[in-house]
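From first to last, the protein sequence lines are chains A and B.
FYI, in my numbering the residues of the first sequence are 1 to 254.
FYI, in my numbering the residues of the second sequence are 1001 to 1320.
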Amino acid sequence: MTTDLTRATADYAVRLGDDALILGHRLSEWCSNGPFLEEDLALTNVALDYIGRARMFLGYGAQLIGGDCTEDTLAYQRDCREFTNLLINELPRGDFAFTMARQYLLDEHALLFLEALQGSSDAELAAIATKAIKETRYHLRRSREWMLRLGDGTEESRRRLQQALEDIWGYLPELFAMDELERELLAAGIAVDREALEAPWRRAVSATFAETDVTLPADGWRVDGGRTGYHTEHLGHLLSELQFVQRAYPGCQW
Amino acid sequence: MTNDSSPNEQQLEAAFQARIDAEEKIEPKDWMPERYRKNLIRQISQHAHSEVIGMQPEGNWITRAPTLHRKAVLLAKVQDECGHGLYLYSATETLGITREELIEALHSGAAKYASIFNYPSLTWADIGAIGWLVDGAAIVNQVSLQRTSYGPYARGMVRICKEESFHQRQGYHIMMTLMQGSDEQRAMAQDAVNRFWWPSLMMFGPHDAESAHSAQSMTWKIKRQSNDELRQKFVDQSVEQAEVIGLTLPDPDLKWNEERGHYDFGEIDWDEFNRVISGSGPCNRQRIAHHVAAHEDGAWVREAIAAHEAKKQQRASKAA
Ligand SMILES: [Fe+2]
Ligand SMILES: [Fe+2]
Chain A
1 MTTDLTRATA
11 DYAVRLGDDA
21 LILGHRLSEW
31 CSNGPFLEED
41 LALTNVALDY
51 IGRARMFLGY
61 GAQLIGGDCT
71 EDTLAYQRDC
81 REFTNLLINE
91 LPRGDFAFTM
101 ARQYLLDEHA
111 LLFLEALQGS
121 SDAELAAIAT
131 KAIKETRYHL
141 RRSREWMLRL
151 GDGTEESRRR
161 LQQALEDIWG
171 YLPELFAMDE
181 LERELLAAGI
191 AVDREALEAP
201 WRRAVSATFA
211 ETDVTLPADG
221 WRVDGGRTGY
231 HTEHLGHLLS
241 ELQFVQRAYP
251 GCQW
Chain B
1001 MTNDSSPNEQ
1011 QLEAAFQARI
1021 DAEEKIEPKD
1031 WMPERYRKNL
1041 IRQISQHAHS
1051 EVIGMQPEGN
1061 WITRAPTLHR
1071 KAVLLAKVQD
1081 ECGHGLYLYS
1091 ATETLGITRE
1101 ELIEALHSGA
1111 AKYASIFNYP
1121 SLTWADIGAI
1131 GWLVDGAAIV
1141 NQVSLQRTSY
1151 GPYARGMVRI
1161 CKEESFHQRQ
1171 GYHIMMTLMQ
1181 GSDEQRAMAQ
1191 DAVNRFWWPS
1201 LMMFGPHDAE
1211 SAHSAQSMTW
1221 KIKRQSNDEL
1231 RQKFVDQSVE
1241 QAEVIGLTLP
1251 DPDLKWNEER
1261 GHYDFGEIDW
1271 DEFNRVISGS
1281 GPCNRQRIAH
1291 HVAAHEDGAW
1301 VREAIAAHEA
1311 KKQQRASKAA
């Protein structure tokens, strides 16, 4: 790989790591807050998978960046503007309907994305995708079942799910947007073509909600910015919590 | 109607005790004295609640764990504890009580949980101290309970003990890393031990002479070793572990007794023990309020599942 391509691949790995880290953080906030113990366990398990995924992507990114960069310097020593996760991942966990709706929409996306990433010409990214996709299949089975339960269940569960979809909808286009970096990596056979994922994603999502009594929101508003570090105000607070110990006691081993 | 003085009942109870004395396991469908059942429900559910409430002080640091590796390990640990809670609730349910009733008893204060979880986790070192000392004390107790007379409980303990020993090692590793670190880190570790040492000793309960449930529990082999025996075992193992990494246990009376072959240690502050048990620990109200809030917030979710299942059945029977 040329130096430019290596640097671009590193940035790409870090993006994907940021996505996983920030979503994993939000999921981990459910620990001891779930609606019943089995679900507490399951949510913690999904959180753990995402933290594991973050470590693989960030670890690879750090390796490509070289020097004294590690998964932890990436996670703990960058500020808001340097984080490149997509905005949808940083939104507060909300109620259970919000968390599960976001998870379902992301799981459908992750399945398609990771399938494609398995074909990456970058062997390390392809290997991470192969490992992650097994977890995502399980996540999706669960989150899809929750859409059917909440979308059918009671008037309250339908109302909450409908509201969650409305609140999330405008953050979804970012999942399918390509920027210059990803186009360049796509041309090199390394990155996934996000635009190509949108149609199959819509088919899967529509099929699921067709089995429920909620309706998918119309496209309209959209917010972008994660990849350029233009975040919601929520991320700074998340980072102040995530990074507290390392910021308060810099330069230590833990 | 049962009549404790009827010969029939007496015979049943004698046969029951004979099985216990022969080290046979009692299984859910077997006859058992009502007091044995009640005693077990109290003990196993208290154990289950402890696993679940214990998720709070540890969960308190998941979002702030200082490295991604530590975060993953802590998440996995708390997930294990959640699994232990589930497993123990199931064991309790084999005695004819529902999960809903158990949760109600927790919320009303009728059921207890380990008092140690009424202490706050204030710094990252507390996660090390809890893993090392609290899981360490739990293991001493649970290893002994692997031989408890009630089958489902004994089998649960075997499974749970394996995971607890990982937790203890991970906690100890956090402490060791801190002790090899900066002055501030060492002070943080020592402070955590200062706060958690005595409450860990209290986990074994009152002295044998003062323990309300002990004698009968020993006869029924629900408990296999006394509170004081187990506490001594824990002290003996912890002293050496503390020494190895340079931590000082906060007890001036702690010293090796050649004659006994054990460490002597100071008297527990039983006033504190009683205060915390009866509601005046730093976090008692917070712990229960947190559990109640999560349970209430989740009510609509549980209702949605029930409604969905009912509708599904209706649709299936219509189609049939
Ligand atoms: Fe446990
Ligand atoms: Fe444990």
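Every residue gets a Cβ at the ideal spot worked out from N, C-alpha and C, and that includes glycine.
Predicted model only: the values in this text are computed from it and were never measured.
For the pair R144/A and Y171/A, the CB atoms are not nearer than the 7 Å cut-off. For Y76/A, the uninterrupted alpha helix (DSSP H) run begins and ends at 71-76, by DSSP.
Here the residues close to ligand 1, judged by CB distance below 6 Å to any of its heavy atoms, are E1051/B, E1081/B, H1084/B, I1160/B, E1164/B in chain order. Per DSSP, D167/A is not a residue of any beta strand (DSSP E); the alpha helix (DSSP H) it occupies stretches across 155-168. When Cβ pairs closer than 8 Å are counted between the two stretches, the stretch 69-89 of chain A is seen not to touch the stretch 1091-1102 of chain B, the count staying below three. Going by C-alpha positions, A1306/B is about 26 Å away from I1053/B.
In terms of CA proximity to Q162/A, A101/A leads the group A101/A, E198/A, E29/A. The beta-carbon distance between P92/A and V1301/B, rounded to whole angstroms, is 18 Å. This is too long to meet the 8 Å contact definition.
I128/A and F57/A do touch by the CB rule: their CB atoms are close to 6 Å apart, below 8 Å. Contact check for S1165/B against A1114/B fails: the beta carbons are separated by 7 Å or more. The stretch 1202-1221 of chain B makes contact with the stretch 1026-1041 of chain B, as at least three CB pairs between them are under 8 Å. Residue pairing from DSSP places K1255/B in a beta bridge opposite D1264/B.
Secondary structure in the stretch 1071-1103 of chain B: no beta strand (DSSP E) run of 3 residues or longer lies completely within the stretch. A contact is defined here as three or more CB-CB pairs under 8 Å, and the stretch 1176-1183 of chain B meets this definition with respect to the stretch 1244-1255 of chain B. Excluding five sequence positions before and after D95/A, the CB atoms of its chain that fall closer than 8 Å to its own CB belong to R160, A164, given in chain order.
Neighbours of V245/A in chain B, taken as residues at a C-beta separation under 8 Å, are given in chain order as R1064, A1065, P1066, W1124. Considering only E1009/B, N1008/B, A1014/B, the residue with the shortest C-alpha distance to W1220/B is A1014/B. Q63/A: member of the alpha helix (DSSP H) spanning 37-65, first to last residue. In the displayed model, Y1150/B falls within a strand according to three-state DSSP. In chain order, A1294, G1298 make up the part of chain B whose C-beta sits under 8 Å from the C-beta of G34/A. Taking 7 Å as the threshold, the shortest C-beta distance from H1308/B to chain A falls below it.
Among the CB atoms of chain A, one or more fall inside 7 Å of the CB of A1072/B. In the three-state reduction of the DSSP assignment, I1026/B falls in the strand class.
Look at E1303/B: its C-beta is under 7 Å from a C-beta on chain A.
Check the Cα spacing between H237/A and each of Y50/A, E90/A, E182/A: the tightest is with E90/A.
Distances from the CA of D224/A to each of R55/A, L175/A, T99/A were compared; the closest alpha carbon is that of L175/A.
Against chain A, the beta carbon of M1032/B has no neighbour under 9 Å; the closest one sits roughly 27 Å away.
Taking all protein chains shown into account, R1231/B has 16 or more neighbouring C-beta atoms within 10 Å of its C-beta and is therefore buried. Taking the Cα positions, H1047/B is about 21 Å away from A1293/B.
If you ignore the 5 residues before and after A1154/B, its C-beta comes within less than 8 Å of the C-beta of K1025, L1145, Q1146, R1147, T1148, all in its own chain and listed in chain order. Within chain B, the residues placing a beta-carbon under 8 Å from that of N45/A are Q1079, ordered along the chain. Taking every protein chain shown into account, the CB of Q1313/B has fewer than 16 other CB atoms within 10 angstroms, so this residue is exposed.
A check of alpha carbon separations from R81/A across V245/A, R227/A, R247/A identifies R227/A as the nearest.
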